[in-house]
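Residues in the sequence shown are numbered from 0 upward in steps of one, following numbering that gives the first Met the number 0. For glycine and all other residues, C-beta sits at the position ideal for the given N, C-alpha and C. Take a look at the structure below.
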Amino acid sequence: MSISLERIDLLRERANVSYQDAKDALEKCNDDIVEALVYLEKESKLRPERKSKCEGKFMATVKDILRKGNETKFIIKKDDENIINLPVTAAVLIGIVATPVLVIGLPVALLTKHKIKIEKEDGGDLQINKVLDKVSNAVDDMTDKLRTETAPEQGTEK
0 MSISLERIDL LRERANVSYQ DAKDALEKCN DDIVEALVYL EKESKLRPER KSKCEGKFMA
60 TVKDILRKGN ETKFIIKKDD ENIINLPVTA AVLIGIVATP VLVIGLPVAL LTKHKIKIEK
120 EDGGDLQINK VLDKVSNAVD DMTDKLRTET APEQGTEK
């Protein structure tokens, strides 16, 4: 029996098998594509759809970054009360879309003695929090110093 190349190509495309496997399956199943697919499935010769290694690794990396970003929280607190508590992914997207709000909002938050923190889902501390604490403390010290220098001295009124 002569099997056409078109039929072999069709089976190869559907089952993701070699030319030899496609030809053998069609010969055993009297050139019936459906029967050949069933035969290949029973023989465990069907292979999953091929993906390029680059595409698979890239998508896996993107998914991992998004998962970690959603598990990690961006928090702005004042006096142990959460004012803002967002996943880092959302905070980054808001920062991209609303950059002016970010440029104005973060310094104002620091000047009004709000604390900025990045927190893992398990509550673990991140290295960046040490930097954020130093910046926050420096801004607090600066604002306190400015307040004391610009406040009218008491008891010197005439």
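Compute the beta-carbon to beta-carbon distance between residue i and residue j, rounded to the nearest angstrom, for a pair I have assumed lies under 8 Å.
i: ALA21; j: ARG11; result: 5 Å
i: LYS116; j: LEU92; result: The Cβ separation is near 19 Å, so there is no contact.
i: PHE73; j: VAL87; result: 5 Å
i: TYR38; j: CYS28; result: 5 Å
Less than 7 Å separating the beta-carbons of residue i and residue j?
i: HIS113; j: LYS77; result: yes
i: LEU110; j: THR142; result: yes
i: ASP31; j: ILE2; result: no
i: ALA59; j: LEU36; result: no
Along the chain, where does the alpha helix (DSSP H) containing residue i start, and where does it finish?
i: ASN81; result: Taken as a continuous stretch (DSSP letters only), ASN81 belongs to no alpha helix (DSSP H), being part of the beta strand (DSSP E) at 80 to 86.
i: ALA24; result: 18 to 27
i: ILE7; result: 4 to 14
i: LYS41; result: 32 to 41
Between residue i and residue j, what straight-line distance do the alpha-carbon atoms span, to the nearest angstrom?
i: VAL89; j: ILE75; result: Here residue 89 turns out to be Ala, not Val, going by the sequence shown. Going by the C-alpha atoms only, they are around 14 Å apart.
i: GLU70; j: VAL100; result: 24 Å
i: LEU145; j: LYS129; result: 24 Å
i: GLU80; j: LEU45; result: 57 Å
i: LYS67; j: GLY123; result: 13 Å
i: GLN126; j: ASP140; result: 22 Å
i: VAL102; j: ASP8; result: 58 Å
i: SER43; j: ARG6; result: 20 Å
i: LYS157; j: LEU85; result: Only weak support is given to the placement of LYS157: the predicted model assigns it a pLDDT of 47, under 50, and the value that follows is read from those uncertain coordinates. Cα-Cα distance, rounded: 53 Å.
i: PHE57; j: VAL16; result: 26 Å
Identify the continuous beta strand (DSSP E) that holds residue i and give its terminal residues.
i: GLU120; result: No beta strand (DSSP E) holds GLU120; DSSP gives it neither H nor E.
i: LYS77; result: 72 to 77
I'd like to confirm something about residue i: is its beta-carbon nearer than 6 Å to some heavy atom of the ligand FMN, or not?
i: ASP8; result: As far as ligands go, the structure on display features none, and thus does not contain the ligand FMN.
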